[in-house]
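Residue numbers (my numbering): 527 to 690.
Put into structure tokens, the structure is as follows:
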């Protein structure tokens, strides 16, 4: 039987599955590289301590960005994030989480995590809005040669005065 899939045998009659394709799970250790790159605003440090030879398990250390400097040592497997050590009285030791965001929320508190997330989203929206507004201002300047001045409609679109 193929790892992660099923063998359909002779009755499959030439299907790709019977031709030897295997479904290989994505190495979870690669997820940590993604977190290091894209979640850096949510922690002060994230170090990969070890990975299994098949890269399906990893042990990493994450340090809070908050003033507490709380440090967690977490084992990542295909099914969960399991906290092995917690520098804050061991209160999260043994806890399992489904997502990295849940780990960060548990480490700093849901309110701190949520506030930081909302702040980052607001910053990105403001940047996009500024870029969007800049394009309109550039378009206005290109069309009439003067930025911000309203244009009058062309003569052909003006309506003659109506007689009462």
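Think of the CB as a built atom: it goes at the ideal place given N, C-alpha and C, for glycine as much as any other residue.
> Between the Cα of residue 595 and the Cα atoms of 557, 630 and 570, which residue gives the shortest distance?
Replying inline: Counted from its first residue, the chain shown places residue 595 at position 69. Checking every option, the nearest Cα to that of residue 595 belongs to 570.
>> If you reduce the DSSP assignment to three classes, tell me which class residue 499 lands in.
In response: No answer is possible for residue 499: the residues shown for the chain start at 527 and end at 690.
> Just how far apart, CA to CA, sit residue 568 and residue 554?
Replying inline: Taking the chain shown and counting its residues from 1, one reaches residue 568 at position 42. Taking the chain shown and counting its residues from 1, one reaches residue 554 at position 28. Answer to the nearest angstrom: the Cα atoms are 20 Å apart.
> Going by the beta-carbon positions, is the gap between residue 612 and residue 597 smaller than 9 Å?
Replying inline: Residue 612 sits at position 86 when you count from the first residue of the chain shown. Residue 597 sits at position 71 when you count from the first residue of the chain shown. Yes, they are a contact pair.
>> Starting from residue 612, trace the beta strand (DSSP E) in both directions and tell me its first and last residue.
In response: By 1-based counting over the chain shown, the position of residue 612 is 86. Here the beta strand (DSSP E) through residue 612 covers 607 to 612.
> According to the Cβ coordinates, are residue 558 and residue 586 closer than 9 Å?
Replying inline: Here residue 558 refers to the residue found at position 32 when the chain shown is read from its first residue. Here residue 586 refers to the residue found at position 60 when the chain shown is read from its first residue. Contact flag set, yes.
> Does the Cβ-Cβ distance between residue 551 and residue 582 come in under 9 Å?
Replying inline: Position 25 of the chain shown holds residue 551. Position 56 of the chain shown holds residue 582. It is a contact, given that the beta carbons lie within the stated cut-off.
> So is residue 603 in contact with chain D if we call contact Cβ pairs under 9 Å?
Replying inline: Of the protein chains in the structure, only one exists, and it is not chain D.
>> Measuring only the C-alpha atoms, how far is residue 717 from residue 591?
In response: The chain is shown only over 527 to 690; residue 717 falls outside these bounds and no answer can be derived.
> Applying the criterion that 16 or more other CB atoms from any shown protein chain within 10 Å of the CB defines a buried residue, is residue 691 buried or exposed?
Replying inline: Absent from the model: residue 691. The displayed extent of the chain is 527 to 690, so no value can be given.
> Given a threshold of 16 other Cβ atoms within 10 Å of its Cβ, counted over all protein chains shown, does residue 634 qualify as buried or as exposed?
Replying inline: Stepping through the chain shown from its first residue, residue 634 is reached at position 108. The residue is buried, with at least 16 neighbouring Cβ atoms inside 10 Å.
> residue 590 bridges to which residues according to DSSP?
Replying inline: Indexing the chain shown from 1 puts residue 590 at position 64. DSSP, once it has assigned bridges, lists 569 as partnering residue 590.
>> Check for me: the alpha helix (DSSP H) holding residue 624 runs from which residue to which?
In response: If you number the chain shown from 1, residue 624 lands on position 98. Run containing residue 624: none; DSSP gives neither H nor E here.
>> Which same chain residues end up closer than 6 Å to residue 565 when comparing Cβ atoms and leaving out the 5 residues on each side of it in sequence?
In response: Translated into the one-based positions of the chain shown, residue 565 becomes position 39. So no residue of the chain qualifies.
> Pick from 560, 652 and 573: whose alpha carbon is nearest that of residue 600?
Replying inline: Stepping through the chain shown from its first residue, residue 600 is reached at position 74. For the residues 560, 652 and 573, the minimum Cα distance to residue 600 belongs to 573.
>> Please classify residue 655 as buried or exposed, where buried requires at least 16 neighbouring CB atoms within 10 angstroms.
In response: Here residue 655 refers to the residue found at position 129 when the chain shown is read from its first residue. Label assigned to residue 655: exposed.
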